[in-house]
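S.K.: Sequences listed follow chains A and B, in order. Here the working numbering is used: the first residue of the first sequence is 1, the next is one more, and so on. Here the working numbering is used: the first residue of the second sequence is 327, the next is one more, and so on. All C-beta atoms in this analysis are idealised placements derived from N, C-alpha and C, irrespective of residue type, glycine included. The model shown is predicted, which means the values in this text are computed figures rather than measured ones.
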Amino acid sequence: MVSLMECDSVLRFEGVSKSYGSLAALSEVDLSVEPGEILALLGPNGAGKTTLIGCASGLIQDFRGRISVGGYDVRRRPRITRRLIGLVSQELNFDGFFNARQALFYQSGYYGVRPDRQRIEQMLRDFSLYEKADTNTRQLSGGMKRRLMICKALMHDPAVLFLDEPTAGVDVELREELWRYVLKLREQGVTIVLTTHYLEEAEQLADRVAVIHRGRILRVQPRERLLADLGRSWAKVSFSRPVPVEEFQNAGAHRIQTLEPSVLRFEMDGVDEEGHGSGSLLSTVVRRCGDLGVSVLEVETGRSSLEEVFRELIRETEPGKEKVEA
Amino acid sequence: MNAYRKAALKRVAQAAEEAERSSGWYNCWILFRREIKRFMIILGQSVLSPVVTTTLYFLVFGYSLGSQLREMGGLSYMDFLAPGLVMMAVINNSFINSSFSFYLTKVHGSVVDILVAPLSNLQIMAAYAAASLVRGLLTGGIIWLIAALFGAQTLYDPGLAIGVMVLVSLAFSLFGLATAVVSKEFEHVNFIPSFVILPFTFLGGVFYSVKLLPEPWAEVALYNPFLYMVNGIRYGMTGASDVSLASSLLVSGAFFLIAFATAWALLASGKNLRD
Numbered sequence: 001m002v003s004l005m006e007c008d009s010v011l012r013f014e015g016v017s018k019s020y021g022s023l024a025a026l027s028e029v030d031l032s033v034e035p036g037e038i039l040a041l042l043g044p045n046g047a048g049k050t051t052l053i054g055c056a057s058g059l060i061q062d063f064r065g066r067i068s069v070g071g072y073d074v075r076r077r078p079r080i081t082r083r084l085i086g087l088v089s090q091e092l093n094f095d096g097f098f099n100a101r102q103a104l105f106y107q108s109g110y111y112g113v114r115p116d117r118q119r120i121e122q123m124l125r126d127f128s129l130y131e132k133a134d135t136n137t138r139q140l141s142g143g144m145k146r147r148l149m150i151c152k153a154l155m156h157d158p159a160v161l162f163l164d165e166p167t168a169g170v171d172v173e174l175r176e177e178l179w180r181y182v183l184k185l186r187e188q189g190v191t192i193v194l195t196t197h198y199l200e201e202a203e204q205l206a207d208r209v210a211v212i213h214r215g216r217i218l219r220v221q222p223r224e225r226l227l228a229d230l231g232r233s234w235a236k237v238s239f240s241r242p243v244p245v246e247e248f249q250n251a252g253a254h255r256i257q258t259l260e261p262s263v264l265r266f267e268m269d270g271v272d273e274e275g276h277g278s279g280s281l282l283s284t285v286v287r288r289c290g291d292l293g294v295s296v297l298e299v300e301t302g303r304s305s306l307e308e309v310f311r312e313l314i315r316e317t318e319p320g321k322e323k324v325e326a
Numbered sequence: 327m328n329a330y331r332k333a334a335l336k337r338v339a340q341a342a343e344e345a346e347r348s349s350g351w352y353n354c355w356i357l358f359r360r361e362i363k364r365f366m367i368i369l370g371q372s373v374l375s376p377v378v379t380t381t382l383y384f385l386v387f388g389y390s391l392g393s394q395l396r397e398m399g400g401l402s403y404m405d406f407l408a409p410g411l412v413m414m415a416v417i418n419n420s421f422i423n424s425s426f427s428f429y430l431t432k433v434h435g436s437v438v439d440i441l442v443a444p445l446s447n448l449q450i451m452a453a454y455a456a457a458s459l460v461r462g463l464l465t466g467g468i469i470w471l472i473a474a475l476f477g478a479q480t481l482y483d484p485g486l487a488i489g490v491m492v493l494v495s496l497a498f499s500l501f502g503l504a505t506a507v508v509s510k511e512f513e514h515v516n517f518i519p520s521f522v523i524l525p526f527t528f529l530g531g532v533f534y535s536v537k538l539l540p541e542p543w544a545e546v547a548l549y550n551p552f553l554y555m556v557n558g559i560r561y562g563m564t565g566a567s568d569v570s571l572a573s574s575l576l577v578s579g580a581f582f583l584i585a586f587a588t589a590w591a592l593l594a595s596g597k598n599l600r601d
C-alpha cells in the first residue's frame, strides 16, 4: 500500500480495460481523482462511465489494469476499498420487503457501521423522506427512490462517493437540493465522482471534467481550463447592410456564419470563463466595417457552454466527421 | 481547495482505519438479521402456510388412510410419516427462503447494495444459509410438534435428527442461493421446488418404504439422494431406516459440499450477477 499522504490521488485507474465479448467497454483508462475534488465524468450513452464506476466499486471484478482507492488495491483489499466507497447506481432500486427507515438501518450494517437511529432520522429529514419513512420502498416515487439511494450510499460515511446519473428523472427542485448537498459533502471531505447527462450539472459542480468516449478518456482538465482550451467566444453582429463573409476572413475568427444577409456570427478560439479574448476580434470587425463604410447596428456576445465543448470533443472523435471551418 | 483536500485525506484515513479493524462478520450478522426480518414480515406465507399444508398431510395420510395400514417399515404409519414430512418441510423452506430472497434482490436491483458492500462471498453465503436454516428448522420443528400432537413417537435420538436437519437445511439453502444466482427469470427459481424437490421427496420414501417397491424400482430408488436424507432423519426420530445411517450422512454431507462449492463458484464468477 502506498501511503495516502504520499499520493496525489484518492482514486487511481491505471491501464484499466474491460471487454464484453468483442466490445471494448474500457480501453487502457488512466485517471486520477484528487482528494476533496468533484470530478465530472462526461460521456454519451455507452461511453463506459458506468463500467468504470463498476470496476472501482467492486461490482465488476473481471477487468485488466489496476484501480486503487486511498492507496489500496480494489482487488487485493476489497474489504477496505469498499468501505471507503459509496455508490449511487444509475438504475433505480428498492428493497420490496422494507420501508425507508429499515432500508437505511440494514445498509449501514452491511458496511460494518452500527446502525445509529438518530443518524437515520437525520438523513430521512435531510432528504425530505421523513414523511415516507414507514412506507414500503416499493411504493416510493422515482424521485424518492433516488433520494433513498443517495441516503443509503452515505450511511457509512464514505470517503469517495460515486454518483452515477444521480439526477436522472428527478424534478428541478430536487436536482438543485441535491447539488447543494453535494457541495456540502465536499466540504465534509467527501471526494465525489459524478456522471451526468446534464452538462449544466457538471458546470455547476465539477472542479475537473473527464470526457470519456468509446471506453477512452479523451481529456481531463479543470472545468475552466477545458472551456479556455476548447471553448469559443462568439459575437453576433448586425450590420446596416448585407456584408459578404469574405470581407472578415482575416479578422481572426475561427468560423463565420451568415445568419441573415446583414447578420453574421463570428466564433473565436481560446476564451476563458469571462470571455477574455473576444475584444480583439470585435475591434478587428469594427475596423473593417469602417473601411467598408458599413455601420454596426447591434452586437451580441457570448461564450461556448460546456455542452458545446463536450459535443465538439465527441464530434472530433467520430470517424468521418470533420470540423467545418470558415 | 486545500481545506477540502485536508478534510478528504482525514476522512480516507479514518474510514480505512475502521475498515482495517473490521473482519466483515458484523456486516454478515446484519445481512442475516435482514433475512430473518424478511421472512418474519411474511410469516403467514413463509411459515404458517407450509405448516397448514403439512398438517393436512397428517390428517389425510396419517389419520384417514394411515388407520387402514397396520405398519410401514416396522413402524406405525403416523410414526413412519412424521420424519418424512418434517424433512420435506425443511428442504422446501430452506431452498425457497434463500432462492426467492436472493432472486428478488436481483429483480428489485438491491442486490447491488450487497455486492458492493464489504462482504466476502463466504459471508454472503453464511448470512443466507443461516437465515434459511432458521426458517427450515422453525418450520420443521413446528411440524415435528404437530406430529407429536397427532400421537407420533419420534424421540428416538433427537440430537441426531436435528443434526441431519441442520446438514440438509444448509445444503438446500446453498443450493437455493446458487439457483438464484444463475436464474434469469422467476420460472427458473420456481422450477426446482416444482420439478425437482417435490417429485424426488415424494419418491424418496416420505410416504412409503422403498422396500415395498418391486424390482427394478427398489434398486432405482437407491439413486435418489432425497431417500438418504429422509431416512437419515427417520432413523434419528424413530430408529428405523431403509438405508444405513452412514450412507444417509455420507450422501447428505456430499450434497452439502457440492451445494457449497457450487454457490461459492457462482458468486465468485459473478455470472448473471456482476456483469
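1. Looking at the structure shown, is A/V113 part of a helix, part of a strand, or coil, going by DSSP?
2. Which value, in whole angstroms, describes the spacing of the CA atoms of B/V515 and A/G109?
3. Do the segment 425-439 of chain B and the segment 538-552 of chain B meet, that is, are 3 or more Cβ pairs less than 8 Å apart?
4. Where does B/T588 sit, in a helix, a strand or coil, going by DSSP?
5. Does any residue of chain B bring its CB to less than 7 Å from the CB of A/E273?
6. Within 7 Å of any Cβ in chain A, is that where the Cβ of B/P376 sits?
7. DSSP has A/E300 in a bridge; who is on the other side?
8. What does B/E511 touch in chain A if you count any residue whose Cβ is under 9 Å from its own?
9. Which chain A residues are close to B/G350, counting only those with a beta carbon under 9 Å from its beta carbon?
10. Leaving out five residues before and five after A/L185 in sequence, what residues of the same chain have Cβ atoms less than 7 Å from its Cβ?
11. Mind checking who A/Y72 pairs with in its DSSP beta bridge?
12. Taking a Cβ distance cut-off of 9 Å, strictly less, list which residues of the segment 157-191 of chain A are near chain B, in chain order.
13. For the candidate residues A/S17, A/I67, A/G36 and A/Q122, whose alpha-carbon lies nearest to that of B/Y317?
14. With 7 Å set as the bound, which would you pick, yes or no: does the beta-carbon of A/P44 sit closer than that to a beta-carbon of chain B?
15. Going by alpha carbons, who is nearest to A/L11 out of A/F63, A/G43, A/S22 and A/T81?
16. By alpha-carbon positions, which one of A/E298, A/G189 and A/L154 ends up nearest to A/D116?
17. Under DSSP, the alpha helix (DSSP H) around B/Q449 begins and ends at which residues?
18. Does DSSP put B/Y657 in a helix, a strand or coil?
19. Does DSSP classify B/K597 as helix, strand or coil?
20. Can you give me the C-alpha to C-alpha distance between A/N45 and B/A594, rounded to a whole angstrom?
21. For A/I192, name the three-state secondary structure that DSSP assigns.
22. According to DSSP, what are the bridge partners of A/N136?
23. Please confirm if the segment 423-431 of chain B is in contact with the segment 444-463 of chain B, defined as three or more CB-CB distances below 8 Å between the two stretches.
24. Kindly examine the ligand MG and report whether one of its heavy atoms sits closer than 6 Å to the Cβ of A/G70.
25. Our contact map puts A/L59 next to A/A210 with C-beta atoms below 8 Å; I'd like the distance itself, whole angstroms only.
26. Using the C-alpha atoms, what's the distance from A/L124 back to A/R101?
27. Considering just the uninterrupted stretch of the beta strand (DSSP E) at B/S390, what are its terminal residues?
28. Who does A/Q221 pair with in a DSSP beta bridge?
29. With 16 as the cutoff for other CB atoms within 10 Å, does A/L23 come out buried or exposed?
30. Are the C-beta atoms of A/V10 and some chain B residue less than 7 Å apart?
31. Any Cβ of chain A within less than 7 Å of the Cβ of B/G370?
32. Exposed or buried, what is B/N328 when buried is set at 16 or more other beta-carbons lying within 10 Å of its beta-carbon?
33. How long is the line joining the alpha carbons of B/F602 and A/Y106, rounded to whole angstroms?
34. Please state if the CB of B/V412 and the CB of B/I469 are separated by a distance shorter than 7 Å.
35. What in chain B is Cβ-close to A/K152, meaning under 7 Å?
36. Rounded to the nearest angstrom, what separates B/T381 and B/P519 at their Cα positions?
M.R.: Put simply:
1. Start at 1 with the first residue of the first sequence, and residue 113 of chain A comes out as number 113. In the structure shown, A/V113 sits in coil (DSSP, three-state: anything other than H, G, I, E or B).
2. Walking along the second sequence from the start, residue 515 of chain B turns up at place 189. Walking along the first sequence from the start, residue 109 of chain A turns up at place 109. Looking at the two C-alpha atoms, the distance is approximately 28 Å.
3. no
4. Taking the first residue of the second sequence as position 1, residue 588 of chain B is located at position 262. B/T588: helix per DSSP, three-state reduction.
5. Within the first sequence, residue 273 of chain A is the residue found at index 273, counting from 1. Residue placement at A/E273 cannot be trusted, given a pLDDT of 47 that sits under 50; the coordinates are not used to answer.
6. The residue you call residue 376 of chain B lines up with position 50 of the second sequence. No, B/P376 lies away from the interface with chain A (no Cβ there is under 7 Å from its Cβ).
7. Translated into positions along the first sequence, residue 300 of chain A becomes position 300. As a beta-bridge residue in DSSP terms, A/E300 pairs with A/K236.
8. Here residue 511 of chain B corresponds to residue number 185 of the second sequence, with the count starting at 1. What B/E511 touches in chain A: nothing, since even the nearest Cβ is about 17 Å away.
9. Taking the first residue of the second sequence as 1, we reach residue 350 of chain B at position 24. Residues of chain A passing the Cβ test: R79 and G112.
10. Counting from 1 along the first sequence, the entry for residue 185 of chain A is found at position 185. The residues are L161 and I192.
11. Translated into the one-based positions of the first sequence, residue 72 of chain A becomes position 72. According to the DSSP secondary-structure assignment, A/Y72 is paired through a beta bridge with A/V69.
12. If the cut-off is 9 Å between Cβ atoms, the segment 157-191 of chain A has D157, P158, A159, V160, R186, E187, Q188, G189, V190 and T191 near chain B.
13. What is shown of chain B runs 327 to 601, which leaves residue 317 of chain B out entirely.
14. Indexing the first sequence from 1 puts residue 44 of chain A at position 44. Chain B contact via Cβ: absent.
15. The count along the first sequence starts at 1 and reaches residue 11 of chain A at position 11. If we check each option's Cα against that of A/L11, A/T81 comes out closest.
16. Here residue 116 of chain A is taken as the residue at index 116 of the first sequence, counted from 1. The shortest CA-to-CA distance from A/D116 to any of A/E298, A/G189 and A/L154 is the one to A/L154.
17. Looking up residue 449 of chain B in the second sequence gives position 123. N447 to L475 is the extent of the alpha helix (DSSP H) around B/Q449.
18. In the structure displayed, chain B extends from 327 to 601; residue 657 of chain B sits before or after that span and is not available.
19. In the second sequence, residue 597 of chain B corresponds to position 271, counting from 1. If DSSP states are grouped into helix, strand and coil, B/K597 belongs with coil.
20. Translated into the one-based positions of the first sequence, residue 45 of chain A becomes position 45. Translated into the one-based positions of the second sequence, residue 594 of chain B becomes position 268. If I take the Cα positions, the gap works out to 29 Å.
21. Taking the first residue of the first sequence as 1, we reach residue 192 of chain A at position 192. Residue state, collapsed to three classes: strand.
22. The count along the first sequence starts at 1 and reaches residue 136 of chain A at position 136. Secondary-structure assignment with DSSP links A/N136 through a beta bridge to A/N99.
23. A contact between stretches requires three or more CB pairs, one per stretch, nearer than 8 Å, and the segment 423-431 of chain B meets this requirement with the segment 444-463 of chain B.
24. The ligand MG is not part of the structure shown, which contains no ligands of any sort.
25. As a first step, residue 59 of chain A must be located in the first sequence, where it is residue number 59. As a first step, residue 210 of chain A must be located in the first sequence, where it is residue number 210. Wrong, their Cβ atoms sit about 20 Å apart, outside the cutoff.
26. Here residue 101 of chain A refers to the residue found at position 101 when the first sequence is read from its first residue. Here residue 124 of chain A refers to the residue found at position 124 when the first sequence is read from its first residue. Rounded to whole angstroms, A/R101 to A/L124 spans 8 Å at the Cα level.
27. In the second sequence, the residue the question calls residue 390 of chain B occupies position 64. No beta strand (DSSP E) contains B/S390, which DSSP labels as neither H nor E.
28. Within the first sequence, the letter at position 221 stands for residue 221 of chain A. A/V209, per the DSSP bridge assignment.
29. To locate residue 23 of chain A, count along the first sequence from 1; it is residue 23. Exposed.
30. Your numbering for residue 10 of chain A matches position 10 in the first sequence. By this cut-off, A/V10 is an interface position.
31. Against the second sequence, residue 370 of chain B aligns to sequence position 44. By this cut-off, B/G370 is not an interface position.
32. Taking the second sequence and counting its residues from 1, one reaches residue 328 of chain B at position 2. B/N328 should be labelled exposed.
33. No statement about residue 602 of chain B is possible, as the shown extent of chain B runs from 327 to 601 and does not include it.
34. Taking the first residue of the second sequence as position 1, residue 469 of chain B is located at position 143. Taking the first residue of the second sequence as position 1, residue 412 of chain B is located at position 86. It is a contact, given that the beta carbons lie within the stated cut-off.
35. Position 152 of the first sequence holds residue 152 of chain A. Simply D439.
36. In the second sequence, counting from the first residue as 1, residue 381 of chain B sits at position 55. In the second sequence, counting from the first residue as 1, residue 519 of chain B sits at position 193. Near 19 Å, if we compare the C-alpha coordinates of B/P519 and B/T381.
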